[in-house]
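Report on one structure; see the data block that follows.
Protein chains: 2
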Amino acid sequence: MSLRQFRYFVTTAEELHFARAAERLGIAQPALSQQIRALEERLGARLFHRANRRVELTEAGNAFLREARATIDLAAKAERIARDTARGEAGRIDIGIVGSVVFDPDFPHLLNEYRNEHPGIQLSLHEMRILTQIEAVHNRQLDMAIIRTPLPSDMPDNLDCFTLSTQKSVAVLPSTHPLAHETSIHLRDLAEETFVAFEDPPGAGMGEILLRECRGAGFEPLIAQRVCEIGTLISLVGAGFGVSLVAETISHLQLPGVCYLPLEDTEARSQLAVIHRRFERSAAVAALLERIRASSKVPN
Amino acid sequence: MSLRQFRYFVTTAEELHFARAAERLGIAQPALSQQIRALEERLGARLFHRANRRVELTEAGNAFLREARATIDLAAKAERIARDTARGEAGRIDIGIVGSVVFDPDFPHLLNEYRNEHPGIQLSLHEMRILTQIEAVHNRQLDMAIIRTPLPSDMPDNLDCFTLSTQKSVAVLPSTHPLAHETSIHLRDLAEETFVAFEDPPGAGMGEILLRECRGAGFEPLIAQRVCEIGTLISLVGAGFGVSLVAETISHLQLPGVCYLPLEDTEARSQLAVIHRRFERSAAVAALLERIRASSKVPN
DNA sequence: ACTTTCAATAAGAAAAACGTATTAATTCTG
DNA sequence: CAGAATTAATACGTTTTTCTTATTGAAAGT
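Line order of the protein sequences matches chains A and B. Per this note's numbering, the very first residue in the first sequence carries number 1; after that it's consecutive. Per this note's numbering, the very first residue in the second sequence carries number 1001; after that it's consecutive.
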């Protein structure tokens, strides 16, 4: 079982065509067939259905694909780290973020400070979905993740978490909405509206906040549309698809046709949390974590 | 850069002694020296200090060691996942259910047993309408569906079906009804009542059972209200909207103001059936189907 | 000074990976 | 329906990589 076989497999899984995959890999097709077969024998599992002149991933192949990709990425990261460390730069810190962090004024500022104090260390930001981030921190593709609470229930137990900041939630309305020019509104006034919500996993993130707050205000929100990106969400609200609830900091994103309104009847708050491995052995990562913890507005 | 080199490096880093590491790896010492050197050249970084007849990790070596170990572990995990998935011991099974299955005492019990025997497999239940379920099994969003017979007439022909259990039907009456405190009644006694019925598609499910039985008893039921959820149906009966016919197991749902009464003049039975793809390629799904079939109370 | 220890080097043997040619099976096409 | 085309698998010889044995060289111990 070798990395090369992993790469061959991933390419073949992407192409679903042995000859094309072989070409992309710069080898002949029979060599690829042989390596895939060797891998399958080693695993004791077929990875592809080769029926009817069509190549498809088996269920095992699908499951293996995700892990194989992660393994290849991690190997590349190992290489990069060795190289960077040898050059005297302590390397690079990979940070996962949810989209809405970009509009938080404090966090980018904090990163900038750290960058100035540690010019050798490259900070690399990766915008990803919540669950993907947690998984990636767990298997070391990321060094930390900034996500919005609540956290999903099934967190790996070698991960730790602390709160970075707390933010009020505000309502987002299209400016054509009758309530749009009030100075503040009650959440229950939106009971009959349709909502645009984040596509978060159940029980986690802003998607969960929206549900909880609406239920707290005594109604079940009718969710007409789910989106992955904060920008899309605000645009959809502006286009009249519905209303939504977002963290206050998002209101820095002023789009035409969109109004942000504080809420009267709720303490609705969401928190940004930092997820990291409990026993972090990289000095650079540990230092950044300490830095973030020290400047966080919330006692931990 | 290969996984083998990673393993060689990790062992050498553990032993800090080429000859001993080579012995542990089952190769000769020069082979190890060569591979480590090849790795160092590839990385463009020395991983060991070899001064003074003593082998030590460089800083880069130390950083690389962490990532190399993680990479090896992840590769092993990939292998395990592929193997387990192929053997049907990992993955996820999506099961569609009609609402009333929840009150069946046997089926949840069966699922629980399966969950204990196959801890790697996540069972995910989806409460859906009959037609939606069939469609979803067909296009692989669900792996199987538990629905109430009769089946609709236009089943896709790549789907199979077998009976899980058979249940008597009982009448549901509001406890204010004159007949509510009999020990049993005749269905034809309800000929003049209004009925609350399931919103099933024509010819399928409990909605069809109700029609057939009433016609068998010599009258056409007057259906005043149709509902999607079993809980709503029972509530409506309790609130005096009408009477209905439900599977016996539903009587576990005891709501105030509702009485369940056995029927004298009919053998009214409904069946729970399992719908699945005829040629199931997932080992896990096939195993669960076998399990259900084996424990079903009805010969198939 | 001599031996011992230990990694590096050299060179040939073994194993793995690859390429060319071919086969077998299916699908497309006239 | 026959023949062409597509595509993955197989056979087998070649190249490349990896390994082994033998040897060297340098440092440490006696």
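Virtual Cβ for every residue (Gly too), placed ideally from N, Cα, C. These numbers come from a predicted model, not from an experiment.
Handout entry: Residue span of the alpha helix (DSSP H) that contains B:Asp1106, given as start and end
Key = Asp1106 to Glu1117
Practice task
Compute the distance between the beta-carbons of A:Phe103 and A:Ala273, then report whether it is under 8 Å.
Solution key: no
Practice task
For A:Ile81, go through chain B and note every residue whose CB falls closer than 9 Å to its CB, in chain order.
Solution key: Ala1060, Ala1063, Phe1064, Arg1066 and Glu1067
Exercise for the section: Look at the Cβ atom of A:Leu173, then the Cβ atom of A:Leu261, and state whether they are nearer than 8 Å. Expected result: yes
Exercise for the section: Measuring alpha carbon to alpha carbon, tell me which of A:Ala145, A:Thr11, A:Leu125 and A:Arg140 ends up nearest A:Gln133. Expected result: A:Ala145
Exercise for the section: Can you check the segment 1154–1192 of chain B for any beta strand (DSSP E) of at least 3 residues that lies completely inside it and give the ranges in chain order? Expected result: 1159–1174
Exercise for the section: Would you check if the distance between the CB atom of A:Leu47 and the CB atom of A:Leu32 is smaller than 8 Å? Expected result: no
Problem - Cutoff 8 Å: B:Met1128 Cβ touching any chain A Cβ - result: no
Practice task
Compare the C-alpha of B:Ile1097 against each of B:Leu1236, B:Glu1059, B:Ala1136 and B:Ala1086 and name the closest.
Solution key: B:Ala1136
Handout entry: Segment contact, 8 Å Cβ cut-off, at least three pairs: the segment 9–25 of chain A with the segment 60–68 of chain A
Key = yes
Problem - Contact with chain A by B:Met1001, beta-carbon distance below 8 Å - result: yes
Practice task
May I ask you to list, following chain order, the residues of the segment 131–147 of chain A that have a beta carbon less than 7 Å from some beta carbon of chain B?
Solution key: Asn139 and Arg140
Exercise for the section: Quick one: which residues of the segment 1016–1047 of chain B get their C-beta closer than 8 Å to a C-beta of chain A? List them in chain order. Expected result: Arg1042, Leu1043, Gly1044, Ala1045, Arg1046 and Leu1047
Problem - chain A contacts made by the segment 1084–1100 of chain B, where a contact means CB separation under 7 Å - result: Thr1085, Ala1086, Ala1090 and Gly1091
Problem - Span of the beta strand (DSSP E), counted from its first residue to its last, around A:Leu222 - result: Leu222 to Val227
Problem - Given 8 Å, three or more beta-carbon pairs between the segment 121–131 of chain A and the segment 76–96 of chain A - result: yes
Handout entry: C-beta contact flag for B:Thr1149 and B:Gly1216 at 8 Å
Key = no
Practice task
Measure the CB-CB distance between A:Leu263 and A:Val170 and report whether it falls below 8 Å.
Solution key: yes
Exercise for the section: For the segment 1055–1143 of chain B, list the beta strand (DSSP E) runs that are entirely contained and at least 3 residues long, ordered along the chain. Expected result: 1091–1097 and 1121–1127
Handout entry: Rounded straight-line distance, which links the Cα of A:Ser270 to that of A:Met206
Key = 7 Å
Practice task
Can you say whether B:Arg1037 is buried or exposed, counting buried as having 16 or more other CB atoms within 10 angstroms of its CB?
Solution key: exposed
Exercise for the section: Go to B:Thr1011, then tell me how far its alpha helix (DSSP H) extends in each direction, as first and last residue. Expected result: Leu1003 to Glu1015
Exercise for the section: Could you tell me which residues DSSP puts in a beta bridge with B:Ala1145? Expected result: B:Gly1096 and B:Ile1275
Exercise for the section: Check each candidate in B:Ala1022, B:Val1258, B:Arg1281 and B:Ser1296 and name the one with the smallest Cα separation from B:Thr1085. Expected result: B:Arg1281
Exercise for the section: Would you kindly work out how many angstroms separate the C-alpha atoms of A:Leu110 and A:Ile292, rounded to a whole number? Expected result: 7 Å
Exercise for the section: Quick one: using the 10 Å Cβ neighbour count with 16 as the cut-off for buried, is B:Phe1009 buried or exposed? Expected result: buried
Practice task
Determine the contact status of A:Gln5 and A:Phe18, defining contact as a CB-CB distance below 8 Å.
Solution key: no
Practice task
Would you please state the rounded distance, in angstroms, between the beta carbons of B:Pro1152 and B:Gly1203? I believe it to be under 8 Å.
Solution key: 6 Å
Handout entry: Burial state of A:Ala294, where buried means 16 or more other Cβ atoms lie within 10 Å
Key = exposed
Problem - Contact the segment 184–201 of chain A vs the segment 228–244 of chain A: 3+ CB pairs below 8 Å - result: yes
Handout entry: Span of the beta strand (DSSP E), counted from its first residue to its last, around B:Val996
Key = Lying outside 1001 to 1300, the shown extent of chain B, residue 996 of chain B is not represented and no answer is given.
Problem - At least three beta-carbon pairs within less than 8 Å, the segment 176–188 of chain A to the segment 248–256 of chain A - result: no
Practice task
Note down, in chain order, every chain B residue with its Cβ under 7 Å from the Cβ of A:Thr71.
Solution key: Thr1071, Leu1074, Ala1075 and Ala1078
Practice task
Examine chain B for any beta-carbon lying closer than 8 Å to the beta-carbon of A:Ile293, and answer yes or no.
Solution key: Note on residue identity: the sequence assigns Arg, not Ile, to residue 293 of chain A. Output row for A:Arg293: interface = no.
Handout entry: Own chain residues within Cβ distance below 6 Å of A:His138, not counting five before or after
Key = Pro156
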